[in-house]
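Below you'll find the structure, written out as structure tokens, and then a few comments.
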Amino acid sequence: MPYVLDIEEWGNWGQREKGGVIDEISIFIKEFENKSSKSLMIYTNESGFKKYILGHFDQKKIWICSFNDPPNIGKKWIFWQHSHKGKFDFADGWVDINTFNGNLNEWNKYLKK
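In this text, residue positions in the sequence shown follow the numbering used here: the first is 741, and each later residue adds one.
Spelled out as structure tokens, the structure:
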């Protein structure tokens with residue numbers, strides 16, 4: 741699985757300016773990728789995507805959270821988190837449910853990267 745930077749709009753407490761948050765995201769991505777030689781995927785919801793990502797980090801792969809129909813964010817997403825309420829025998833409590841945007845062959849190729 742990829743390294744993922746979680747961008748949560750609601751987690752930015754106070755009166756933080758949009759530009760400042762975008763600058764911090766950019767600095768973090770550059771530092772991480774320079775030191776690790778790995779690429780980051782961005783996880784966010786639709787409003788966070790529109791506010792902080794769209795037009796600023798368009799080259800990044802996206803893991804989008806949306807509890808509506810498949811998200812239409814104007815960009816191909818890789819993963820879609822569509823529920824926080826999955827139940828499985830092997831897990832206590834609720835688990836997130838995610839969907840890969842591709843077929844079985846694409847999934848197998850993705851895992852080999």
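The beta-carbon is built from N, C-alpha and C at its ideal position, and this holds for glycine as well. These figures come from a predicted structure and were not determined experimentally.
Residue from the options with nearest C-alpha to residue i
i: residue 741; options: 824, 844, 780, 827; result: 780
i: residue 826; options: 816, 817, 818, 838; result: 838
i: residue 822; options: 815, 833, 841; result: 841
i: residue 767; options: 750, 796, 791; result: 796
i: residue 790; options: 831, 852, 811; result: 811
i: residue 760; options: 853, 801, 792, 769; result: 792
i: residue 794; options: 815, 807, 830, 809; result: 815
i: residue 798; options: 833, 809, 765, 824; result: 765
Helix, strand or coil at residue i according to DSSP, with G and I counted as helix
i: residue 794; result: coil
i: residue 838; result: strand
i: residue 774; result: helix
Close-in-space but distant-in-sequence residues of the same chain around residue i (CB under 8 Å, 5 per side omitted)
i: residue 748; result: 784, 785, 788
i: residue 743; result: 772, 776, 778, 779, 780, 781
i: residue 813; result: 786, 789, 790, 794, 802, 804
N- and C-terminal bounds of the beta strand (DSSP E) containing residue i
i: residue 716; result: Residue 716 is absent from the model: the chain starts at 741 and stops at 853.
Extent of the continuous alpha helix (DSSP H) run through residue i
i: residue 848; result: 844-851
Own chain, CB closer than 7 Å to residue i, minus 5 neighbours either side, in chain order
i: residue 828; result: 835
Minimum Cβ-Cβ distance from residue i to chain D less than 8 Å
i: residue 768; result: Absent here is chain D; the protein component of the structure consists of one chain.
Other residues of its chain near residue i: CB distance less than 6 Å, five sequence neighbours each side excluded
i: residue 805; result: 785, 821
i: residue 801; result: 781, 818
(request) At 4 residues or longer, and completely inside the region 801-827: list those alpha helix (DSSP H) runs for me, N to C. (result) Runs of alpha helix (DSSP H) with 4 or more residues, each lying fully within the region 801-827, are absent.
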